[in-house]
Structures are given as structure tokens and as C-alpha cells.
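Residue numbers (this note's numbering): 12 to 326. Positions of the beta carbon are idealized from the N, C-alpha and C atoms, including for glycine.
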């Protein structure tokens, strides 16, 4: 029996690479969706994230190798709601023929005001003009900031994987159900933590407007000098109004985000006498060695910073 096992061993070693090559190739647009997809697909998928940890998916600049990842993918997972305009352009130019899964399908987005600053040419060289258009109503794409909607993302991703790989249906659905149950439990933990803060103190200033869904779901009011996109720079008047509001309302929770320029928030801290209470993760996860390497860890990290800052506890 031992001799037969030894004889078969080389054949098993040769079979392993072939089996690995059969994994479903999946590409996610950014790190949060990549983690969600990994929780559902497990070892049955070969996953790639285009915008990785600590990379800003708002203004991401794809490389030629990113387009190649689309060409080879059987499934592409995106957020939608205008979050990854660069991905739509990549899909058109890459010849992608696989399945496109939009995680926000079926979600009614919250609408928000956005000022859009842009420049363009009028009549040739030397006649470029800048314009400020706004405010206007746009869909808020950050729906993953509500864990209830995060469970909706999970269902959409699982359905997309099942459609592309029916043989993995039992695995995908089992993983998705377990993952959704963990997110439901995490949602209850967030609500219990926020309940420790008096309602009048549930106010937070962040770098840009990425926490609208969190605010609506958990009863926290967020203020931000930047709009929905990290590419838009706030005006001096907007920053000045925010500084006056912070002073008038006695807001104590001031946070940096991992994807934004700190200069504006540093000015706010200097003029209000507040100290930046830490770094929140909104549009991207941290590296594996950081405090928010997964979607679940991101919520635990953020809430663990938010609650004592809103309460005014000494850090």
C-alpha cells in the first residue's frame, strides 16, 4: 500500500497546478469589494483588486496591466453609482466579454448635493476657463457604509459568482450566508456602541463626504469640507463656514481619512483648537498589517475611534 501511495504521489503533484488554473478569475474594482468577494468565493476564485489597499478609487489612474486583468477575467465586480468612472472606460477599451456584477443594483441610493469644479477650453489655446457648477443632486456611491446595505452587496456578489460558475453554487451560497450573518451581528454591535453617545453629541467632521449612509443608518451627523469625491477641493468660504459651525456646536470629533490630503483638516484643527482623533477608513481598506485589512475590521476600527471622540473622552 505504501508503494502504491508513493507511485501516485507524482501524479497528484502534477494535478495540483491544473486544478489551481481552473479557479474562476475574478477582478474587483477596489479593495473593499475585493474583500467581500474573497469572503464569498474563497479558494474557488482567483481574485484581483484593481485599486488596492490605501488606493483612492475616486481618482484612480489605471495602468496597462489593469486593463489586461479585465481581459482575462470571467467576472468583474464593481460598485456603480458613478464611483468608478475609470472602470467603465477600461471595460469599453479592453474588450471584456465576461459577467459584470454591480453590487449596488437594487439599492435606492441616497442623493446628496455636490459642487463640481472643472476647467475646459473655449476657442483654443490660451483660453481655458474654470467653472464652478453646483450645487447639484448626485447619487451617493458609498452604500457599503451601511452594514445592512453591505449584506445586499453580499447577495449580489454571490449571485454573480453562481451565474458564472454554477458548479460552485453550494460553496458560494454557504459562504455568503455565513458572511451576511456576521455583518448582521456587526450591525447590532455598531448600534450598541453608537447608543453610548448622547444624541446631541453624535457629530463628526471628516475629510470628505463618504459617511452619509453610515450617518443615516446609525444616527450620526457627518460634516465634511470636501464633497463626495476626493478630487474636489473645498473653497476657502466652505472651510470657513465649517470652522464656525464646529465652534458653535461644540463638535469634538475630528478625523482624517486614509485617502485624502490632510492640509484642509490640519487648518480646521488649528483654527478650532481640536486635535485630529485618528484615521478613519472610508473608500479603501488598509494593508494587511494595518488596522482595517477587511470590511469587518474597517467598521470595528472606525467605530472604536468615533465613539470616544464624539463623547469627548480624553484620548
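Hey, out of the options, whose CA is closest to residue i's CA?
i	options	result
residue 246	309, 291, 279 and 200	279
residue 148	86, 123, 190 and 251	123
residue 188	36, 42, 33 and 52	52
residue 318	192, 212 and 76	212
residue 166	316, 300, 290 and 47	47
residue 70	300, 41 and 311	41
residue 292	283, 307, 282 and 281	307
residue 196	314, 209, 176 and 159	159
residue 57	109, 310, 36 and 49	36
residue 303	175, 33 and 65	65
residue 372	249, 258, 300 and 299	Outside the displayed span of the chain (12 to 326) sits residue 372, for which this structure offers no information.
residue 214	192, 203 and 258	258
residue 44	63, 299 and 34	63
residue 294	98, 39, 163 and 156	156
residue 310	325, 251 and 222	222
residue 73	98, 218 and 312	98
residue 33	324, 176, 312 and 220	176
residue 218	277, 210, 202 and 260	277
Are the Cβ atoms of residue i and residue j separated by less than 8 Å?
i	j	result
residue 161	residue 194	yes
residue 262	residue 216	yes
residue 168	residue 112	yes
residue 153	residue 229	no
residue 82	residue 105	yes
residue 121	residue 151	yes
residue 68	residue 107	no
residue 115	residue 92	yes
residue 265	residue 285	yes
residue 234	residue 199	no
residue 296	residue 305	yes
residue 101	residue 78	yes
residue 190	residue 50	yes
residue 208	residue 55	no
residue 387	residue 170	With the chain covering 12 to 326 only, the question about residue 387 has no answer from this structure.
residue 288	residue 320	yes
residue 179	residue 172	yes
residue 314	residue 227	no
residue 163	residue 117	yes
For residue i, name the three-state secondary structure that DSSP assigns.
i	result
residue 246	coil
residue 39	strand
residue 304	coil
residue 92	coil
residue 287	coil
residue 316	helix
residue 18	Annotation note: pLDDT 42 at residue 18 (below 50); position unreliable, no value reported.
residue 281	helix
residue 256	helix
residue 50	helix
residue 296	coil
residue 309	helix
Between which two residues does the beta strand (DSSP E) carrying residue i extend?
i	result
residue 59	56-62
residue 110	110-113
residue 234	232-234
For residue i, decide whether its Cβ has a neighbour in chain D, counting only Cβ atoms nearer than 8 Å.
i	result
residue 194	As a matter of chain content, chain D is missing from the structure shown, which is built from one protein chain.
In the DSSP assignment, find the alpha helix (DSSP H) that holds residue i and state where it starts and stops.
i	result
residue 75	75-83
Pick out the complete alpha helix (DSSP H) segments inside the region 148-222, 4 residues or longer, and give them in chain order. Qualifying alpha helix (DSSP H) stretches, in chain order: 158-175 and 180-205.
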